[in-house]
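In the order they appear, the protein sequences are chains A and B. Residues in the first sequence are numbered consecutively from 294, following my numbering. Residues in the second sequence are numbered consecutively from 133, following my numbering. Here a beta-carbon is modelled for each residue, glycine too, at the ideal position from N, C-alpha and C. Encoded as structure tokens, the structure appears first; notes follow it.
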Amino acid sequence: MNRRKFIKKSALAAAGTVGFPYLLPTGLLFARQPSLKAEHVVYVQFAGGLRQQESVLQRYLAGSQNEQIEGNIMYNLLDGKPPVDKIAYGTDDKQNNIVGAFPINQILQTSLQRQGTLFPEVRFSKGGAGHFNGLSTGVSGNYYVTAGLRQRTASPTIFEYLRRHAGFSATECWSIGQGVTGSRPLLNYSAHEDYGRRYGGNFLAPLITFGAPGQEHFMDFKNYHPDTDYEMFREIRGFLNKNFSNEGLEIPHLYNTPEEENSIREFIRATFEKVKEGRVTMPPVNDNGDLKVLGFTVELLRWFKPRVTVVDLNNIDVCHNDFTAYLKNIHRADHGIAFLWKEIQSIPGMRDNTVMIVMPEHGRDEQHNSIKDLNDWFAYDHSGSPNARRIFNLMVGPGIDANLKVGSETNPIGDAADVVPTIADIFGIKDQVKKAGLLDGNARSLFDRI
Amino acid sequence: MNMQALNKTGLWCAALALMLSFSGCQKDYFVYEINDQTILPVNSQKIKPKSITQYISILYTNFFQRAISPNSMLQAQKAIESIGDKQVAFDILLSKYMNDPKVILPTVESMRQDPEGFIRNTYKRFLVREPTEAELNWMLNYIKSRPNVTPEHFYFAFGTCNEHFHY
């Protein structure tokens with residue numbers, strides 16, 4: 294074959310591959326859509342209840358504490374100068390016993406706001422402004438008015454949409470929880486009968502897996518050979534499972550393939566080794582749970598290079614009784630998210646090929662409660678008041694307009710339910726997700742709102 | 133005999149032949165006076181999943197011949213909850229237990245000396261029932277055909293199979 298013929302044939306074959314439908318593992322035909330905006334998505338649920346006043350509005354203490362000091366304590370994410378007085382959000386000055394005296398150094402030279410698109414006024418429009426409700430809306434694109442704790446979402450999660458309609462494998466989809474409380478382990482798949490566990494994403498709560506519980510019950514687990522030993526386990530177990538004929542009654546696994554199961558085990562083993570040797574990649578400051586979770590998230594991204602990763606934070610919820618700690622944890626979440634973005638850019642395959650989405654799960658009230666902290670600053674709850682429904686959304690990565698602001702205080706644009714159709718849009722399955730008819734009526738891809 | 137009479141006789145004969153042929157196909161129906169019985173698999177009564185604490189408690193007792201402490205149970209429960217795929221989580225938990233020198237397992241020699249006894253005891257220990265003949269034969273053949281298989285392989289597979297997770 295001469296060179297010209299080869300090039301012609303290669304081009305035809307490539308065009309055919311892109312245009313032709315192909316069979317999903319589920320047996321469904323999927324018309325491949327070539328317009329993928331990125332190969333990977335990392336969605337950070339900036340959770341715990343974040344007020345607009347201390348984030349995009351950059352009010353710092355003004356309005357909330359009778360101290361007229363404004364400033365931006367999220368200077369990796371947002372443009373704006375930090376406060377110049379009453380600094381209480383940094384690391385502690387232990388010598389002089391001043392809490393939060395030293396602001397953490399900026400990681401990113403250019404803020405994510407400048408690198409991407411900011412929707413400064415998004416609405417958490419329905420349901421109660423509770424953490425699990427908020428997290429559930431974020432991953433499923435629907436609202437839950439009556440859902441209680443220990444219940445899976447009624448509508449499918451983004452993991453199920455991607456596994457069913459885009460053919461992603463289980464280890465390509467990860468939900469990373471800050472802990473196992475507040476039903477976080479239930480965010481990886483829904484109770485919907487057409488989706489559910491068959492299409493669930495993997496879940497990991499690294500502070501537990503690699504913390505005291507995991508160290509007691511998982512660390513140094515026996516290293517069985519994946520072929521010889523596990524082959525016999527699977528043969529005997531397979532025979533026993535075949536004879537247990539009660540349909541659907543099985544250990545709730547996530548349809549990881551044997552290779553994927555082995556990869557998860559090896560990831561856990563390797564990460565334990567890093568924990569023992571103090572080699573887990575952590576943000577420069579890592580003095581709270583959120584920052585440690587983001588460190589473990591980087592380890593997981595490096596190992597699996599997942600197509601979609603959802604990670605939730607939680608430490609800012611301390612605002613119920615300690616406003617100073619709330620400010621410190623906002624500042625740390627900003628630091629941790631910047632660290633995550635920087636590390637993503639060092640992972641081959643994910644660098645310049647990942648969209649990151651950052652959104653709080655809900656806000657907090659405008660009126661404080663009666664609890665005061667060590668600085669005599671009032672604390673804030675989240676009760677479903679209009680202020681608790683105000684959030685923002687920030688997107689950055691390939692295909693995302695840089696330095697774009699969509700909406701304003703007087704013109705809110707975007708809904709908390711938008712993230713699912715937005716991720717579906719990024720991966721080219723927006724129409725299938727829409728057609729399933731299980732999103733909130735207001736949910737739209739943020740690309741369509743721009 | 134005229135033609136009309138002949139036709140009449142023919143019709144009667146045909147009708148009789150038809151009746152006889154149908155009665156000949158009729159199945160004999162015997163009444164033995166025994167009630168109908170629905171036959172179900174031996175494990176069909178196990179329809180409820182164990183809670184994680186129940187599962188861990190039983191698993192631990194089966195492997196260490198003593199009860200797990202409440203504190204250790206709490207930690208084990210959290211560890212299991214921290215991994216989404218419970219099959220992977222249970223496999224790791226049991227692999228950890230298998231690395232503990234205090235774990236109690238039958239020896240390879242005892243399994244090879246009395247494979248039937250080993251299989252029957254393993255079924256009783258983990259699945260709280262006797263194996264069926266088919267199960268027993270399969271397991272015995274497995275022991276015979278796999279020189280490298282050990283009681284540990286059987287205990288691991290039984291401890292992490294679907295039936296063991298249900299009651």
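Per DSSP, cross-strand counterpart(s) of residue i
i         : result
Tyr-482/A : Paired residue(s): none; Tyr-482/A is not in a bridge.
Cys-466/A : Val-601/A
Ile-650/A : Tyr-336/A and Met-688/A
Val-415/A : Ile-684/A
Asp-708/A : Arg-416/A
His-298/B : Pro-181/B
Phe-671/A : Lys-665/A
Closer than 9 Å to chain A by CB, residue i
i         : result
Leu-225/B : yes
Tyr-274/B : yes
Ala-147/B : no
Arg-244/B : no
Val-260/B : no
Gly-216/B : yes
Asn-269/B : no
Val-220/B : yes
Arg-278/B : yes
Gln-197/B : no
Glu-265/B : no
Val-281/B : yes
Lys-210/B : yes
Short CB-CB distance (under 9 Å) between residue i and chain B
i         : result
Ser-468/A : yes
Tyr-517/A : yes
Met-294/A : Here the model assigns Met-294/A a pLDDT of 42, short of 50, so the residue's position is not dependable and the matter cannot be decided.
Ser-716/A : Here the sequence assigns Ile to residue 716/A, which means Ser is not the residue at that position. False, the Cβ-Cβ gap to chain B never drops below 9 Å.
Asn-607/A : no
His-510/A : yes
Leu-455/A : no
Phe-526/A : yes
Phe-496/A : yes
Pro-327/A : Unreliable placement is indicated for Pro-327/A, whose pLDDT of 48 sits below 50; the coordinate value is still reported in the next sentence. By this cut-off, Pro-327/A is not an interface position.
Pro-499/A : yes
Phe-514/A : yes
Pro-478/A : yes
Pro-641/A : no
Asp-522/A : yes
Three-state secondary structure assigned by DSSP to residue i
i         : result
Glu-262/B : coil
Gln-338/A : strand
Asn-495/A : strand
Arg-477/A : helix
Thr-282/B : coil
Leu-401/A : coil
Leu-350/A : coil
Ser-701/A : strand
Leu-343/A : coil
Leu-731/A : coil
Ala-331/A : coil
Phe-395/A : strand
Pro-181/B : strand
Lys-635/A : helix
Cys-293/B : coil
Thr-384/A : strand
Gly-320/A : With a pLDDT of 49 at Gly-320/A, under the threshold of 50, the modelled position of this residue cannot be trusted; read the value that follows with caution. Of the three classes helix, strand and coil, the one that applies to Gly-320/A here is coil, per DSSP.
Thr-141/B : helix
Thr-410/A : strand
His-546/A : coil
Tyr-274/B : helix
Asp-741/A : helix
**Study point:** Residues within the region 168-192 of chain B neighbouring chain A, beta-carbon criterion of under 8 Å
**Key:** Flagged, chain order: Pro-173, Asn-175, Ser-176, Lys-178, Ile-179 and Pro-181.
Check your understanding: Taking any Cβ of chain B, which residues in the region 660-685 of chain A have a Cβ under 9 Å from it, in chain order?
Key -> Cβ contacts with chain B come from no residue of the region 660-685 of chain A.
**Study point:** Contained alpha helix (DSSP H) runs [length at least 4] in the region 185-231 of chain B, N- to C-terminal order
**Key:** You should have 202-213 and 218-230.
Review point. Of all the residues that make up the region 528-541 of chain A, which are near chain B by a beta-carbon distance shorter than 8 Å?
Key: Along the region 528-541 of chain A, the positions whose C-beta sits under 8 Å from a C-beta of chain B are Glu-528, Ile-529, Arg-530, Phe-532, Leu-533, Asn-534, Asn-536, Phe-537, Ser-538 and Asn-539, read in chain order.
Review point. When you check each C-beta in the region 543-566 of chain A against every C-beta of chain B, which residues fall closer than 8 Å?
Key: Answer in chain order: Glu-543, Ile-544, Pro-545, His-546, Leu-547, Asn-549, Glu-554, Ile-557, Arg-558 and Ile-561.
**Study point:** 4 or more residues per run - each alpha helix (DSSP H) lying fully within the region 493-535 of chain A
**Key:** Uninterrupted alpha helix (DSSP H) stretches at least 4 residues long and entirely within the region 493-535 of chain A occur at 499-502 and 505-510, given in chain order.
Exercise for review: Please name the residues in the region 402-433 of chain A whose beta-carbon is closer than 7 Å to at least one beta-carbon of chain B, in chain order.
Suggested key: Result list empty, no residue passes.
Practice item. Note down, in chain order, all residues in the region 688-720 of chain A with a beta-carbon under 9 Å from any beta-carbon belonging to chain B. Key: Cβ contacts with chain B come from no residue of the region 688-720 of chain A.
Practice item. May I ask you to list, following chain order, the residues of the region 480-493 of chain A that have a beta carbon less than 8 Å from some beta carbon of chain B? Key: Those would be Asn-481 and Gly-493, in chain order.
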